[in-house]
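Data block below; observations after.
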Amino acid sequence: MAELGAWIDLSHEYSQHTPPWPGDRLFRLLTPDVAAESDDNTIVEEFEASTHLGTHIDAPLHFLPGQKAIGDFDVSHFAGAALVLDVRGQQTIVLTDAQRAALAETRPDGTPRCPVVLIHTAWDERWGGPGYFEGYPVLAPETVAALVAARVHLVGLDTPSPDAAPFLAHPELLRHDVLIVENLRGLGCLLGATSVEFAAFPLRMRCSGSPVRAVARRVPGGAE
Ligand SMILES: [Zn+2]
226 MAELGAWIDL SHEYSQHTPP WPGDRLFRLL TPDVAAESDD NTIVEEFEAS
276 THLGTHIDAP LHFLPGQKAI GDFDVSHFAG AALVLDVRGQ QTIVLTDAQR
326 AALAETRPDG TPRCPVVLIH TAWDERWGGP GYFEGYPVLA PETVAALVAA
376 RVHLVGLDTP SPDAAPFLAH PELLRHDVLI VENLRGLGCL LGATSVEFAA
426 FPLRMRCSGS PVRAVARRVP GGAE
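My numbering numbers the first residue of the sequence shown as 226 and each following residue consecutively.
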């Protein structure tokens, strides 16, 4: 009997070195010398960062004023069986017929067989270099429509965003509670797996987004 694979870390480091979205502030460590100053030999840092820095998740509130914050979702929204789509080489991401069919598969109760969809573009190879935040691949409108129609919970990308200005994919996905995980890394490790389990839990904050520790593992035997 095959065993569950080890958890794979799909997150970038969250630190002063994490490249922010253009115009956003860098992560700032406010008390780097706390250890030296404290009376009781404990170390307690303080930091300041955008809720959309690094590997993170977007809530509807990010684009839709008055809508749900990330802390409003049940934790079950942030984990599940994942479909990994290899879309390398496409600038505007259009799914193949086979990918669309896999996306549309449902369980007997009508819920999606894979409530998580991971979009592997390999753009993460540019992380930390010039140009990561420019000219990245984006989802075609019909791909956004297919994700919404499939009623998935999460779309994860190894790019900064599913769209570029005027940012039409974000509100369309978020309005249907399809939350967006951005700046993933290493999705290529999951290619060829028959079944993958994914999780990316945010902090329980009343915010438009949150950093996440995104992880996945191979599950033997395919979908149940
Ligand atoms: Zn974001």
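Don't be surprised by glycine CBs; every beta carbon is placed ideally from N, CA and C.
- Item | Beta-bridge partners of Thr317, as assigned by DSSP | Val363
- Task: Can you tell me which of the three DSSP states Asp402 falls into?
- Result: coil
- Task: Examine the Cβ distances between the segment 277-287 and the segment 318-326 and report whether three or more of them are shorter than 8 Å.
- Result: no
- Neighbour-count burial assignment, Asp434, 16 or more Cβ in a 10 Å radius: Correcting the residue type first, residue 434 is Gly in the shown sequence and not Asp. Answer is buried; the Cβ neighbour count reaches 16.
- Item | 9 Å Cβ cutoff met for His242 and Phe303 | no
- Message: Which residue wins for smallest C-alpha separation from Gln292, given the options Arg429, Leu399, Ser420?
- Response: Leu399
- Query: Ile282 and Glu422: beta carbons closer than 9 Å?
  - Reply: no
- Just tell me which of Met430, Leu364, Val373 has its CA closest to the CA of Ile318. Leu364
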